[in-house]
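*Asks:* In our numbering, the protein residues as written are -1 to 311. In this text, a Cβ means the ideal position worked out from N, Cα and C, and glycines have one as well.
(1) For residue 261, which residues of its own chain have a beta-carbon under 6 Å away from its beta-carbon, when the five flanking residues on both sides are left out?
(2) So for residue 15, helix, strand or coil by DSSP?
(3) Could you check which residue in 223, 247, 168 has the C-alpha nearest to that of residue 192?
(4) Just the Cα atoms here: how many angstroms apart are residue 124 and residue 114?
(5) Buried or exposed: residue 31, going by 16 or more other Cβ atoms within 10 Å of its Cβ?
(6) Residue 118 and residue 168 - do their beta-carbons sit closer together than 8 Å?
(7) Quick one: measure Cβ to Cβ for residue 244 and residue 257, integer angstroms, because I've assumed they're closer than 8 Å.
(8) Any chance you could list the beta strand (DSSP E) runs of at least 3 consecutive residues sitting entirely within the stretch 201 to 284, in chain order?
(9) Measuring CA to CA, which of 127, 279, 273 is closest to residue 182?
(10) Name the two residues that bound the continuous beta strand (DSSP E) containing residue 187.
(11) Please identify the residue among 286, 234, 280, 296 whose C-alpha is closest to the C-alpha of residue 65.
(12) Apply the 10 Å Cβ neighbour rule to residue 41 and answer buried if 16 or more other Cβ atoms are within range, or exposed otherwise.
(13) Inspect the CB distances between the stretch 282 to 298 and the stretch 136 to 151 and report whether three or more fall short of 8 Å.
(14) Can you tell me the Cα-Cα spacing of residue 108 and residue 45, whole angstroms?
(15) Look at the Cβ atom of residue 272, then the Cβ atom of residue 294, and state whether they are nearer than 8 Å.
(16) Residue 242 and residue 131: beta carbons closer than 8 Å?
(17) For residue 36, which residues does DSSP report across the bridge?
(18) Does DSSP classify residue 154 as helix, strand or coil?
(19) Output the distance between the C-alpha atoms of residue 177 and residue 163, rounded to the nearest integer angstrom.
(20) Considering only C-alpha positions, which residue in the set 212, 196, 97 is nearest to residue 229?
(21) Would you kindly report the start and end of the unbroken alpha helix (DSSP H) that includes residue 125?
(22) Judging by CA-CA distance, which residue of 129, 48, 62 is the nearest neighbour of residue 180?
(23) State the CB to CB distance for the pair residue 227 and residue 98, rounded to an integer number of angstroms; the pair is presumed to be in contact (CB under 8 Å).
(24) Would you mind reading off the limits of the beta strand (DSSP E) that contains residue 102?
(25) Let me check one thing: in DSSP terms, what residues is residue 26 bridge-paired to?
(26) Just checking my contact of residue 88 with residue 70 at CB under 8 Å: how many whole Å lie between their CB atoms?
(27) Closer than 8 Å by C-beta to residue 24: which residues in its own chain qualify, once you throw out the five before and the five after it? Chain order, please.
(28) Please determine, among 277, 111, 43, the residue with the shortest C-alpha to C-alpha distance to residue 263.
(29) For residue 157, count the other beta carbons within 10 Å of its own beta carbon; 16 or more makes it buried, fewer makes it exposed. Which is it?
(30) So for residue 191, helix, strand or coil by DSSP?
Take a look at the structure:
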């Protein structure tokens, strides 16, 4: 109660280099619903290190994307370990998966950015080629809804159900459960699905991402980008997001699948986000559809006795 007027009185005074302050008007579907003053840490790992790590007898921080394509200094900066008085111990486990043999990455070069009909057509063709089992990832809810509206009926006529976060009135966990239980169902969504879905087996055999997941140019991001090295800061974020998205595909030793990125403007410097040795090809949509279809045919030939429920109707 006493702190709020102190913070308000401080407006217009000297800037605090540890924080980013801004005024924002929040909108949903073009309608303003809130306005507020915001304050965030420029480096959120500082309070995390002070409040969580320092008082602890020990802490284990682990993630498949901890270094985000960089060195250990990146990992320590992201986790707050760089703010501790003692150096952190480091350990990197070797992946148990054969990524070169289990997965491939296809970058589609002929779907134009901003062409919504072309984007929807690409999703529909790829899902049909995979006969479902597709996780579609979007960076904007508006585009997700627009694509869903264009392809849901088309897929239904093919006997391929389509679930959509932000469209279906079902919580995300239940959507994932339904997706997991039916190998012919596909699911599209945003970052919650990119970072937190565990669907091993045949129910997820294709991941399609609408484009390179660049961070949104908010006030907070711009400040952190300036402090964090500019383009290199953005690249670390994108690498982590691509790695997380790809990570949905291979969850166990017998998983196989294809990761498709619908963006010709995918910088080569970001491709190290994918596991070493994973085949990466730049192809047309027609070629990508054929590769996905061939991948499915190969899997059905090799695994038909164990997975008869995935066969064509």
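*Replies:* According to the structure data:
(1) 209, 210
(2) coil
(3) 247
(4) 15 Å
(5) exposed
(6) no
(7) 5 Å
(8) 204 to 207, 255 to 259, 278 to 281
(9) 127
(10) 184 to 187
(11) 234
(12) buried
(13) no
(14) 45 Å
(15) no
(16) no
(17) 20
(18) helix
(19) 12 Å
(20) 212
(21) 114 to 128
(22) 129
(23) So it is not a contact: roughly 31 Å between Cβ atoms.
(24) 101 to 106
(25) 29
(26) 6 Å
(27) 30, 31, 32, 33, 34
(28) 111
(29) exposed
(30) helix
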